[in-house]
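Residue numbers (the numbering used here): 26 to 469. Structure first, then comments.
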């Protein structure tokens with residue numbers, strides 16, 4: 026099947042590359058000409074394990090192409106995926122300008138049947154707006170061309186997106202015609218060899234499924250963070266509680282790890298967008314609002330612990346920071362807890378030595394230049410260089426190399442043997458036995 030994928034961000038590039046890997050002919054479209062040229066040369070703009078070899082292989086095999094021309098990509102394509110960004114507005118709403126711009130351009134070039142598929146995460150009712158946008162352009166052109174609109178939200182975890190796409194738990198397909206349903210079934214049939222993973226539903230059902238899924242996961246995280254904070258106050262070890270409740274099959278162990286808050290491009294944005302949808306419909310989203318508020322507060326917990334230990338004024342102190350990306354397996358720093366903590370530490374007079382296995386280039390690009398110029402923030406070459414003479418280690422992102430560090434060697438590196446563990450990676454008893462002061466999230 027010939028496919029056009031509009032947008033070469035995280036969702037579009039992974040989707041296009043994985044469809045090509047399954048034998049489809051895919052043309053990815055982006056308005057950024059320089060980015061398109063880099064992609065043609067195999068330069069991937071994001072870090073995602075396994076993505077680069079799939080892109081390069083399928084470009085070489087002639088199944089994956091990149092262009093700035095949507096008309097070129099649509100020529101001969103049966104399906105057009107819209108996978109552009111939907112950044113949050115100040116009120117939490119999803120900005121659909123890019124989605125609707127693509128829909129209008131599709132309408133401009135539409136000359137035979139196409140299935141237009143929303144792959145972007147969009148609010149309930151967006152498919153109808155896409156359909157109307159295409160019809161408006163066709164009316165101006167004075168032509169009638171058949172087309173369908175479908176919703177096919179992605180459920181990709183950053184750091185495991187390729188595996189998630191190639192071996193999905195489920196494939197949610199929102200359609201309103203038999204023809205669209207059959208096209209989507211044909212497209213995804215090779216992803217369902219073991220058993221049928223396709224869940225067919227209405228357009229609005231599919232759009233809500235994406236938001237509800239992410240909101241549920243965010244809820245589990247915020248709930249466990251709230252329990253951890255309470256454990257800190259009443260002298261309870263939250264790790265024991267986590268094991269106690271996770272053993273209940275109705276709850277399970279997934280997403281009940283306390284920490285310093287969630288970030289990234291999905292959970293924060295999607296929870297806010299769902300809150301906005303509720304408010305637009307005169308509905309008070311009490312649970313969703315609490316999930317959001319708890320997470321915003323959780324991003325400050327590490328700094329509060331630092332301040333309780335060292336006082337309000339951190340002048341003259343240096344902290345080693347392990348982890349800048351919002352989670353392991355990615356270089357994405359959007360809404361990362363590390364960014365909040367950096368602003369607070371530096372704002373209180375501290376200096377920071379930081380290291381992340383993948384997000385260093387992003388940090389240099391996204392964090393304030395003034396921090397680097399004044400020496401307030403230094404990016405270390407490795408995790409142990411980030412400990413050279415510092416007054417405390419602060420773990421923010423649970424990358425695998427940080428899970429079992431050489432604590433004996435760290436004795437000679439740290440100026441003060443103090444560890445703030447924002448992901449509860451370490452055993453407090455073991456660290457205390459080795460002479461470290463340990464501060465976790467709800468740990469004893």
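Where a beta carbon is used, it is the ideal one built from N, C-alpha and C, also for glycine.
*Evaluate the contact criterion for the stretch 431–450 versus the stretch 226–237: three or more CB pairs, one atom per stretch, below 8 Å.*
no
*Skipping 5 residues on each side, what residues in its chain have a beta carbon closer than 8 Å to that of residue 194?*
180, 222
*For residue 67, which residues from the same chain have a beta carbon less than 6 Å from its beta carbon, with the 5 sequence-adjacent residues on both sides left out?*
81
*For the beta strand (DSSP E) that contains residue 529, what are its first and last residues?*
Only positions 26 to 469 of the chain appear in this structure, which leaves residue 529 out of reach.
*Using 8 Å as the threshold, is the stretch 105–115 in touch with the stretch 36–55, meaning 3 or more CB pairs across them?*
yes
*Label residue 427 either buried or exposed according to how many other C-beta atoms from any shown protein chain fall within 10 Å of its C-beta, with 16 as the threshold for buried.*
buried
*From the beta carbon of residue 197, is the nearest beta carbon of chain B less than 9 Å away?*
Any reference to chain B falls outside this structure, which holds one protein chain only.
_Need the endpoints of the beta strand (DSSP E) that residue 199 sits in, please._
196–199
*State the Cα-Cα distance for the pair residue 32 and residue 40, rounded to the nearest angstrom.*
10 Å
*Give me the Cβ distance between residue 445 and residue 331, rounded to the nearest whole Å; I'm assuming they're in contact under 8 Å.*
6 Å
*Where does residue 390 land, buried or exposed, given buried means 16+ other C-beta within 10 angstroms?*
exposed
*Mapping DSSP to helix, strand and coil, what is residue 287?*
coil
*Can you list the beta strand (DSSP E) stretches of 3 or more residues lying completely in the stretch 268–312, in chain order?*
none
_Rounded to the nearest angstrom, what separates residue 198 and residue 347 at their Cα positions?_
40 Å
*asked:* Measuring straight from C-alpha to C-alpha, what distance separates residue 276 and residue 323?
replied: 22 Å
*Per-residue DSSP class, three states only, for residue 394*: helix
_Relative to the C-alpha of residue 154, which candidate in 243, 173, 139 has its C-alpha closest?_
173
*Tell me, to the nearest whole angstrom, how far the beta carbon of residue 98 is from that of residue 54; I am working on the premise that it is less than 8 Å.*
5 Å
*Along the alpha helix (DSSP H) that carries residue 43, what are the first and last residues, could you check?*
35–46
*Taking 8 Å as the threshold, find out whether the stretch 181–190 comes into contact with the stretch 157–166 through three or more Cβ pairs.*
no
*Give the single residue among 78, 401, 150 whose Cα lies nearest to the Cα of residue 367.*
401
_Bridge-paired residues (DSSP) for residue 347_ = 380, 420
_Expected contact under 8 Å - CB spacing of residue 473 and residue 418 to nearest Å_ = Missing from the structure shown is residue 473; the chain here goes from 26 to 469 and no further.
*Comparing alpha-carbon positions, which option in 95, 457, 464, 35 lies nearest residue 254?*
464
*With 16 other Cβ atoms within 10 Å as the buried cut-off, status of residue 283*: buried
*Helix, strand or coil for residue 463 per DSSP?*
strand
*Buried or exposed: residue 278, going by 16 or more other Cβ atoms within 10 Å of its Cβ?*
exposed
*Note down, one range per segment and in chain order, each beta strand (DSSP E) of at least 3 residues found wholly within the stretch 86–164.*
89–92, 104–107, 139–143
*Counted within 10 angstroms of its Cβ, other Cβ atoms place residue 169 as buried (16 or more) or exposed*: exposed
*If you count every other CB in all the chains shown that lies within 10 Å of the CB of residue 177, and 16 or more means buried, which is it?*
buried
*Check whether the stretch 108–121 touches the stretch 81–92, taking contact to mean three or more Cβ pairs, one atom from each stretch, closer than 8 Å.*
no
_So, at 7 Å on beta carbons, what are the nonlocal neighbours of residue 457 in its own chain, with the 5 sequence-adjacent residues on each side left out?_
463
*Would you kindly report the start and end of the unbroken alpha helix (DSSP H) that includes residue 334?*
326–335
*If you count every other CB in all the chains shown that lies within 10 Å of the CB of residue 308, and 16 or more means buried, which is it?*
exposed
*According to DSSP, what are the bridge partners of residue 50?*
27
*asked:* I'd like to know if the stretch 334–346 and the stretch 296–304 are in contact, where contact means that at least 3 CB-CB pairs between them fall below 8 Å.
replied: no
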